[in-house]
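Presented below is the structure to which this report refers.
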């Protein structure tokens, strides 16, 4: 081998990898999006999907890897998302929102998450866990002062339920809100709080009457700059690294009595109902991640040659792609059903749990198989497949683990049969 030949070969391999990675990203932008042709989607839904898809392809997907590596919050992109009206998708126009339905919310979360899963979770939390409770339980004054600018994209909100000592056991809150004249004094720590560093306001669950257990939990909307509120270090996470996650500590934090959301003791109900809606958002996030991983694998299968032809010609690869496509559409249908039920003001707790369970586990399965299709290229940062794999993992954990979803579904199923006996 002549001097420099090895270096030239390495440069050639690097150039080929770079070209293939760029081709895959371009291919994802041109990927087939058949669900927008479903007959039960409205023209408004189709237009929203196309708008969100174009934004994700042009503003999110090209920088998602960089944001992930740098653990950098997509501040400018979230500002643009707010300008698009996506931070108040299902909020009525009179309160600053886009005045669309919950199917629109699911579509927006999916398309944004396809471009960047971190942006997707910020979008989901703000819509379902912050704007949602304010819309349903807020006083008219709270709606005018807090919901209108939040839905209009002027600031972000967060939701504070989990604690270091309880995650799935939401009724075991140890954070307290002690009445003191025309105020409440908050003490305690909330854990795993997404958007805690960027949020201007947040909804916090705190115990106001320990003797009533979960019925003694109340909800409050607080300014995150209130004296007595501090943030822990940002968590170094496996995935969704561009979203901030941290503990929120309350130390003799005095808030006005007017910060109460709903009535005393409503907190657990506020949390559970908000999580139902949030599960539709996280299911959509999972579907977006799965779709991105699937598109990456399908494009690679057409471009990668081995054994005398494209690997997509191999039955083993086609089998994987077939399973991916089927599971993604099934998850999407489950989620659209739950969203339609919520829009129609029908019970949707079981359906949201089913959608979240199936979509999150589908995302993990699809992301796993996408790496198998890419082989060694799926294991390196040149390709987005490894990021999709990492991002997918959290979807089976937050907004209720898969185990909790099965409890919710199983309980609902037994109740349905019991009513028939």
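Numbering (the numbering used here), first residue to last: 1191 to 1611. For each residue, glycine too, the CB sits at the ideal point set by N, CA and C.
DSSP three-state assignment for residue i, whether helix, strand or coil
i: residue 1494; result: coil
i: residue 1539; result: helix
i: residue 1438; result: strand
i: residue 1369; result: strand
i: residue 1432; result: coil
i: residue 1500; result: strand
i: residue 1357; result: coil
i: residue 1587; result: coil
i: residue 1597; result: helix
i: residue 1574; result: coil
i: residue 1444; result: strand
i: residue 1380; result: strand
i: residue 1602; result: helix
i: residue 1451; result: strand
i: residue 1580; result: helix
i: residue 1557; result: helix
i: residue 1607; result: helix
i: residue 1212; result: Its pLDDT being 48, under 50, residue 1212 is placed unreliably by the model, and nothing is read from it.
i: residue 1226; result: helix
i: residue 1387; result: coil
i: residue 1552; result: helix
i: residue 1406; result: helix
i: residue 1344; result: coil
i: residue 1638; result: This structure cannot settle anything about residue 1638, because the visible part of the chain is limited to 1191 through 1611.
i: residue 1474; result: helix
i: residue 1546; result: helix
i: residue 1287; result: coil
i: residue 1628; result: A query on residue 1628 cannot be resolved here, the shown segment of the chain reaching from 1191 to 1611 and no further.
i: residue 1279; result: coil
i: residue 1425; result: coil
i: residue 1363; result: coil
For residue i, the residue or residues it bridges with in DSSP
i: residue 1393; result: 1349, 1411
i: residue 1336; result: Bridge partners of residue 1336: none, in fact.
i: residue 1375; result: 1368, 1444
Contacting residues, own chain, Cβ-Cβ under 7 Å from residue i (five flanking each side not counted)
i: residue 1563; result: 1487, 1490, 1491, 1507, 1510
i: residue 1518; result: 1477, 1480, 1481, 1484, 1552, 1556
i: residue 1540; result: 1598, 1599, 1602
i: residue 1430; result: 1307, 1308, 1311, 1581, 1584
i: residue 1427; result: 1435
i: residue 1442; result: 1375, 1377, 1418
i: residue 1525; result: 1296, 1470, 1473, 1474, 1477, 1545, 1549
i: residue 1612; result: Residue coverage of the chain in this structure runs from 1191 to 1611, which leaves residue 1612 outside it and unanswerable.
i: residue 1402; result: 1455
Cβ-Cβ separation, residue j to residue i (assumed contact under 8 Å), whole Å
i: residue 1340; j: residue 1327; result: About 14 Å separates the two Cβ atoms, so there is no contact after all.
i: residue 1297; j: residue 1235; result: 6 Å
i: residue 1579; j: residue 1548; result: Their Cβ separation, rounded to whole angstroms, is 18 Å, which puts residue 1579 and residue 1548 out of contact at 8 Å.
i: residue 1292; j: residue 1448; result: Not quite, the Cβ-Cβ distance comes to about 29 Å (not below 8 Å), so this is no contact.
i: residue 1446; j: residue 1373; result: 6 Å
i: residue 1318; j: residue 1468; result: 4 Å
i: residue 1451; j: residue 1323; result: 6 Å
i: residue 1389; j: residue 1346; result: 5 Å
i: residue 1391; j: residue 1411; result: 6 Å
i: residue 1433; j: residue 1384; result: 6 Å
i: residue 1439; j: residue 1420; result: 5 Å
Spatial neighbours of residue i in its chain, beta-carbon cut-off 8 Å, leaving aside the 5 residues before and after
i: residue 1250; result: 1264, 1267, 1302, 1305, 1306, 1309
i: residue 1370; result: 1444
i: residue 1364; result: 1353, 1355, 1356, 1378, 1397
i: residue 1458; result: 1360, 1361, 1395, 1404, 1405, 1407
i: residue 1241; result: 1274
Continuous beta strand (DSSP E) stretch holding residue i: start and end
i: residue 1420; result: 1419-1421
Neighbourhood of residue i by C-beta, 6 Å cutoff - its chain only, sequence neighbours within 5 removed
i: residue 1282; result: 1289
i: residue 1502; result: 1491, 1492
i: residue 1417; result: none
i: residue 1287; result: 1278, 1281, 1341
i: residue 1243; result: 1301
i: residue 1220; result: Model confidence at residue 1220 stands at a pLDDT of 41, short of 50, so the residue's coordinates are unreliable; what they give is reported in the following sentence. No residues qualify anywhere along the chain.
Segment limits, alpha helix (DSSP H) that includes residue i
i: residue 1526; result: 1505-1533
i: residue 1299; result: 1292-1305
i: residue 1235; result: 1233-1245
i: residue 1326; result: 1322-1327
i: residue 1260; result: 1251-1260
i: residue 1272; result: 1265-1273
Contact test: residue i Cβ vs the ligand SAM heavy atom, cutoff 7 Å
i: residue 1578; result: As presented, the structure is devoid of all ligands, the ligand SAM included, so that no description of it is given.
C-beta neighbour in chain D for residue i, strict 8 Å
i: residue 1534; result: The displayed structure is made up of one protein chain only, and chain D is not part of it.
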